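K.L.:
Counting with full-length UniProt numbering, you get residues 1 to 678 for the letters of the sequence shown. Ideal placement from N, C-alpha and C gives every residue a C-beta, glycine not left out. If you're wondering where the values come from, they're calculated on a predicted model, not measured in any experiment. Got a structure here, written out as structure tokens. Questions coming.
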Amino acid sequence: MNKEKEALLKKAVIFFIESYGYDPKVAGYAPGRVNLIGEHTDYNDGFVLPIALNLGTVLVGSTNSSDLCRIKSNASLDEEISTEFHVPSVNKLLPGEPKWANYIKGVVAFFKGTVKGFDAVVVSNVPLGGGLSSSASLEVSTYMFLEGLFGKTDCQKEKALICQRAEHEFANTPCGIMDQFISMMGTANNVLLIDCLNNENLTMKIAVEGCAHGELEKIYETLQEIEKQEGFKVDLLICCGDFQATRNTQDLSCMAVSDKYKNICSFYKYYSGEKVAPVLTIFIGGNHEASNHLQELCYGGWAAPNIYYLGYAGVVNYGGVRIAGLSGIYKGRDYMRGHYEKVPYTEDTKRSVYHIRNLEVFRLKQLSQKVDVMLSHDWPTGITSYGDVGHLLRNKPFFKKDIEENALGSKPAEELLNHMKPAYWFSAHLHCKFAAIVSHGPRKGFTKFLALDKCLPKRKFLQILDIDHDKNKPLTLSYDLEWLTIVHLTNHLLSVKRGLTYMPGPSENERWIFTPSEDEKAHILKRFGGDLTVPLNFTQTVEPYSPDNLAAQYAQVSLQLNPQTMVFCERLGVDDPLDLLLQSTSQDSTPSSWACTPDTPGSLSRTSISADESSFLDTSLEDSSRYKGSSTQSLPIKRFSLSLPLPKLSLPDENSEDFLPLTQEPLEPSQEFKSLNE
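Pasting the structure below:
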């Protein structure tokens, strides 16, 4: 340690003891800098050549037993020299006074670890306002101090970028990257050549969960244990269906699952406010859901604070990552129907309510801009051709017949895979891990596919990935403008009737392509006042479960309009399907003249599936009372005298171009999908 640094540290220790009355445990130090070549070119993707100084900033301190961060500075300032604020897990940190503390607050807010209360002092010999990067020195020394208290986190580059972000968002200073890089990476007697062109992207840590089945507490506990062991912070959790957002026992009665598996689990604790999700959680629906709850949020919304449902289908943005999703599973008999189901459900509608509809698939096909992450509950058909199908069949031999017949999964999902070509596609449903890479042809990119298991011990249900995102985009959930515009433009196609609905096609004299123009998107942006941030407007619409409130447990299920959806529909100028059902004087429940043999319980024989596997498995194994007692014979075709107009768009058969098979050569699964849990 050089004499200047040693003297600075000694001065800080004395100041700490005078301020708090006990000895500090940890010190964090970072130098100032001068730049030799390329002044200000770090703003313009150029090269810079800075060198670290012997002058620097040191923070010394210790954890305390409270949730307060208390900090004092010895600098000669025209403002308060001390500050205190709650840790981010208690209150969201915001910029304020004194201004020097904003640099520290920003680093604490974005630190990739769990921050507890601490006492600290700041001592620096970098001249303030002298062009020697006193602010970067303060930010980086704060990060090093936090690592000393709470453990190592990211690589040097990412730590420097976090410090830059703190200066951007908390100090409101649009600095380049040079100051934080040299302060973080500089060494004595050496210059540092920095190429600023390659720092547009940094990675976001996204955790992907297969089937949640209501085990939120266990999932969050697993994440926190991984964070503790690996020394990083997860930015986002994605769940691929069977989330089971059951708020109370009435929701439980609306879930399509046998009675022995009906368990209130832990979601109600997050709905009631007893607990708060420790990380932003985005989920889609599967085939075991509190469907009455999710119907309230058909266009997406907060199922609980910090837990966001994507709706029947949806697209959102988070930190520059574009995430799309399709809820439910595919059943041909319901694919072309409207969203006619409402509580109280019959045993039939309890299941049809989660079957995907052609409207949502049609809307997703209108997207023209690149999607980073796509979510579906069931797998796209044909996906097994792109991974280790032999390994899959060794674990799931009863998949063989469906794979041979190209019947394992969802054909609409396959269409979307070929159309959207997302960078990643995540699924669940079949209770096993499977990775694949789908090549879309020369210069058309590829999709990394990953399916995961359900949340059980020794099952591969969780994966953490590093996905690039735009460092200039805040980690804030926002609506997607193109998607909003598509939903607005296709509102007239929404049906809440049981009869068949047809999407427009090229043979009709009406608009059939709804990829929006710039003017159409500008109109929607204006309706939202130029702000696409998803509002934090979660509202309880039912009484949460309580073991002590027996009367509430036996209340009747009733149809509820959700204030979130009402506000969304008003802003976007679209209809709420539940509101249309309420307004309807009678429900069209008459079977149409178009009839076919309904899906059988499936080609996956129940006799070949263990009790554990058959409990939730359902590409075709639904426990509908319509099928009990007949697992192999089809129900008779019914014909009626009603007449319908000619279809606007015929359903393609499997040999048509609209159902393109996945025929490219399979690639080896990416090493990126190495399991974090065995």
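Looking at the secondary structure, which residues open and close the alpha helix (DSSP H) in which E221 lies?
P.N.:
Segment 216-230, the alpha helix (DSSP H) holding E221.
K.L.:
Between which two residues does the alpha helix (DSSP H) carrying D519 extend?
P.N.:
Its alpha helix (DSSP H) spans residues 518-527.
K.L.:
Is DSSP giving S495 helix, strand or coil here?
P.N.:
Looking at S495 - three-state DSSP - the assignment turns out to be coil, as it is neither helix nor strand.
K.L.:
Give, in chain order, every unbroken run of the beta strand (DSSP E) that is at least 3 residues long and sits entirely within the segment 288-345.
P.N.:
Listed in chain order, they are 301-304, 307-309, 313-318, 321-326.
K.L.:
Contact defined as beta carbons within less than 8 Å: I believe C254 pairs with N292. What is the distance between those atoms, to the nearest angstrom?
P.N.:
Yes, C254 and N292 are in contact; Cβ-Cβ is about 4 Å, under 8 Å.
K.L.:
Quick one: is A611 buried, meaning 16 or more other Cβ sit within 10 Å of its Cβ, or exposed?
P.N.:
The predicted position of A611 is uncertain, since its pLDDT is 32 and thus under 50; a value taken from the coordinates is nonetheless stated next. The residue in question, A611, is exposed, as its Cβ has fewer than 16 Cβ neighbours within 10 Å.
K.L.:
Taking just the CA atoms, how far does D348 sit from R498?
P.N.:
Rounded to whole angstroms, R498 to D348 spans 12 Å at the Cα level.
K.L.:
Which residues does DSSP list as the beta-bridge partners of T203?
P.N.:
Answer is D468, bridged to T203.
K.L.:
Taking the Cβ atom as the reference point for each residue, do S137 and A30 lie within a distance shorter than 8 Å?
P.N.:
It is a contact, given that the beta carbons lie within the stated cut-off.
K.L.:
Please tell me whether Y330 and P422 are closer than 8 Å, where the distance is taken between their beta carbons.
P.N.:
Going by C-beta atoms, Y330 is not nearer than 8 Å to P422.
K.L.:
Excluding the 5 residues flanking R70 on each side, which residues of the same chain have their C-beta closer than 6 Å to its C-beta?
P.N.:
So the qualifying residues of the chain are E84, D119.
K.L.:
Can you tell me where the beta strand (DSSP E) holding P31 begins and where it ends?
P.N.:
Run containing P31: 26-37, per the beta strand (DSSP E) assignment.
K.L.:
Nearest CA to the CA of R247: which residue from Y268, T203, D235?
P.N.:
Looking at the Cα atoms, Y268 is the closest of the given residues.
K.L.:
As an exercise, report each continuous beta strand (DSSP E) stretch of at least 3 residues that is fully enclosed by the segment 354-431, in chain order.
P.N.:
The qualifying runs are 373-376, 424-427.
K.L.:
F538: which of T515, M566, I524 sits nearest, CA to CA?
P.N.:
When each option's Cα is compared against that of F538, the closest is M566.
K.L.:
Going by the DSSP bridge assignment, what does V208 pair with across the sheet?
P.N.:
Per DSSP, I238, Q463.
K.L.:
Determine the DSSP secondary structure at K105, reduced to helix, strand or coil.
P.N.:
Helix at K105.
K.L.:
Alpha carbon to alpha carbon, how far is Y299 from residue 680? Give it in angstroms, no decimals.
P.N.:
In the structure as shown, the chain starts at 1 and stops at 678, and residue 680 therefore has no counterpart that could be examined.
K.L.:
Tell me which same chain residues have a C-beta within less than 6 Å of the C-beta of L310, skipping the five on either side of it?
P.N.:
I284, G300, G325.
K.L.:
Would H288 and Q244 qualify as a contact pair, given that the criterion is a beta-carbon distance under 8 Å?
P.N.:
Taking 8 Å as the Cβ cut-off, H288 and Q244 qualify as a contacting pair.
K.L.:
Out of G319, C265, G113, state which residue places its alpha-carbon closest to the alpha-carbon of Y545.
P.N.:
Among G319, C265, G113, the Cα nearest to that of Y545 belongs to C265.
K.L.:
Report yes if the CB atom of R357 is closer than 8 Å to the CB atom of Y335, and no otherwise.
P.N.:
Yes, the Cβ-Cβ distance between R357 and Y335 is below 8 Å.
K.L.:
Along the chain, where does the alpha helix (DSSP H) that runs through F15 open and close?
P.N.:
From DSSP, the alpha helix (DSSP H) with F15 extends over 3-20.
K.L.:
Taking DSSP as the reference, what is the three-state secondary structure of Y502?
P.N.:
Three-state DSSP puts Y502 in coil, outside helix and strand.
K.L.:
Note down, in chain order, each residue of its chain lying with its Cβ closer than 7 Å to the Cβ of F15, except the 5 sequence neighbours on either side.
P.N.:
Answer for F15: N74, V121, V123, listed in chain order.
K.L.:
Mapping the DSSP letters down to three states, classify L280 as helix, strand or coil.
P.N.:
Of the three classes helix, strand and coil, the one that applies to L280 here is coil, per DSSP.
K.L.:
Would you list the one or two residues that DSSP bridges to C175?
P.N.:
C175 is not bridged to any residue.
K.L.:
Please name the residue, chosen from P278, R571, G28, that lies closest to K92 on a Cα-to-Cα basis.
P.N.:
For K92, the nearest C-alpha among the options comes from P278.
K.L.:
Could you check where the alpha helix (DSSP H) with V140 kicks off and where it finishes?
P.N.:
Residues 134-150.
K.L.:
Could you give the distance in angstroms between the alpha-carbon of A290 and the alpha-carbon of T515?
P.N.:
Near 33 Å, if we compare the C-alpha coordinates of T515 and A290.
K.L.:
Between residue 679 and F449, which are expected to be in contact by the criterion C-beta below 8 Å, what is the C-beta distance as a whole number of angstroms?
P.N.:
Outside the modelled stretch of the chain, which goes from 1 to 678, sits residue 679, for which no answer is possible.
K.L.:
Could you tell me the distance, in whole angstroms, from the CA atom of N306 to the CA atom of D575?
P.N.:
So the alpha carbons of these two residues sit roughly 26 Å apart.
K.L.:
Using only the alpha-carbon positions, how far apart do V373 and K275 sit?
P.N.:
Cα to Cα, V373 sits roughly 28 Å from K275.
K.L.:
Once DSSP output is grouped into helix, strand and coil, what is the label at T541?
P.N.:
DSSP places T541 in coil when its eight states are reduced to three.
K.L.:
For chain C, find out if any of its Cβ atoms is closer than 8 Å to the Cβ of A451; answer yes or no.
P.N.:
Among the chains of the structure shown, chain C does not appear; only one protein chain is present.
K.L.:
Compare the C-alpha of residue 679 against each of Y103, G505, R527, L477 and name the closest.
P.N.:
The question about residue 679 has no answer here: the residues shown for the chain are numbered 1 through 678.
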